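In what follows, a single structure is set out as structure tokens and then discussed.
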Amino acid sequence: MSAPTRAEIEAAHERIRPYIHRTPVLTSQTLDHLAGAALFFKCENFQKIGAFKIRGGMNAVLSLSPEARQRGVATHSSGNHAQAIAYAARAVGVPAYVVMPNNSPRVKIEAVAGYGAEITLCEPTLEARESTLRTVVERTGAAFVHPFNDERVIAGQATCAKELLEEAGPLDVLVVPVGGGGLLSGTALSAAYFSPGTAVYAGEPEGAADAVLSMKSGKIEKAPYVDTIADGLLTNLG
128 MSAPTRAEIE AAHERIRPYI HRTPVLTSQT LDHLAGAALF FKCENFQKIG
178 AFKIRGGMNA VLSLSPEARQ RGVATHSSGN HAQAIAYAAR AVGVPAYVVM
228 PNNSPRVKIE AVAGYGAEIT LCEPTLEARE STLRTVVERT GAAFVHPFND
278 ERVIAGQATC AKELLEEAGP LDVLVVPVGG GGLLSGTALS AAYFSPGTAV
328 YAGEPEGAAD AVLSMKSGKI EKAPYVDTIA DGLLTNLG
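Here it is in structure tokens:
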């Protein structure tokens with residue numbers, strides 16, 4: 128996999144623009160005072176499906192050839208990426224097949240079903256998700272869209288920071304949450320292409336600190352324990 132280019136991120140933005148919200152950038156004088164800095168919040172909680180992941184999912188689905196798209200799309204996810212793929216598939220009128228752990232939040236399972244996806248539940252392990260997905264893809268012929276390790280997804284996620292920099296930039300620092308790493312990768316690329324002087328920092332819960340361990344060791348590590356209410360950041364890096 129190669130990193131998306133500046134032109135590919137710009138093309139992704141144009142491609143998904145009719146399907147997403149340009150979410151607001153909000154400020155708070157109180158928080159500025161507490162932080163001793165001017166803060167700008169890119170509020171993707173107001174995005175379609177309630178999360179930034181519609182950007183990457185929509186770009187991936189729209190980037191498929193017409194022939195591949197007609198066979199449908201498939202993925203595994205415990206929540207937001209599942210909703211993104213289900214929403215994107217419905218938007219272009221193709222089937223979606225989603226493998227979800229059986230301990231996924233009920234509200235997210237219902238949301239994915241509400242977008243019309245066919246859901247297959249599995250045991251809550253990465254191995255079970257991947258093996259179940261292989262079975263689904265073999266049965267359906269659907270195109271697999273990885274939740275984060277996919278250049279089309281990364282290019283879509285990069286549009287979030289691109290919008291923020293267009294509206295509030297140039298910025299000294301971008302702080303971005305890291306789970307699997309798709310948003311972080313896209314943010315780093317957008318900073319490099321559109322605001323080279325902007326530093327990028329990743330944040331994760333202390334109780335799910337796989338990215339910190341991975342950066343220290345130079346290879347992908349798993350967190351020794353997971354203890355956080357931030358369920359959207361439970362996914363391991365990479």
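Offset between the sequence shown (1-based) and the working numbering: plus 127.
Note that CB positions come from ideal geometry on N, CA and C, so glycine has one too.
All of these numbers come straight from a predicted model, not from anything done at the bench.
For residue i, three-class secondary structure by DSSP
i    : result
F321 : helix
Y224 : strand
F173 : helix
V234 : helix
E294 : helix
Y328 : strand
V280 : helix
E348 : coil
V303 : strand
I147 : coil
V339 : helix
T314 : helix
V353 : coil
T286 : helix
T157 : helix
L248 : strand
8 Å contact criterion, which residue i and residue j should meet: CB distance rounded
i    : j    : result
A336 : V327 : With 8 Å as the limit, A336 and V327 do not qualify as a contact, their Cβ atoms being about 18 Å apart.
G308 : L364 : 5 Å
R133 : Y320 : 4 Å
T286 : A139 : 6 Å
L340 : E348 : 4 Å
G243 : A270 : Their Cβ separation, rounded to whole angstroms, is 17 Å, which puts G243 and A270 out of contact at 8 Å.
CB contact flag (residue i, residue j, <8 Å)
i    : j    : result
T150 : F167 : no
A162 : M185 : no
Y224 : A238 : no
V221 : R256 : no
N207 : G359 : yes
G183 : I281 : yes
R198 : G268 : yes
G313 : A187 : no
L298 : T262 : no
S205 : M227 : yes
V152 : K175 : no
V303 : L310 : yes
I143 : K289 : no
E131 : L253 : The identity of residue 131 in the sequence shown is Pro, whereas the question assumes Glu. Their beta carbons are not under 8 Å apart, which means P131 does not touch L253 by this criterion.
I181 : I147 : yes
T355 : G334 : yes
Cβ neighbour criterion (16 or more within 10 Å) applied to residue i
i    : result
M128 : exposed
P193 : exposed
S322 : buried
S190 : buried
E278 : buried
V305 : buried
H273 : buried
E171 : buried
Legend entry - Ranges of the beta strand (DSSP E) found wholly within the stretch 188-223, counting only runs of at least 3: 200-203
Legend entry - Length-filtered (4 minimum) alpha helix (DSSP H) runs lying within the stretch 250-277: Counting whole runs of 4 or more residues, the stretch 250-277 contains the alpha helix (DSSP H) stretches 253-267.
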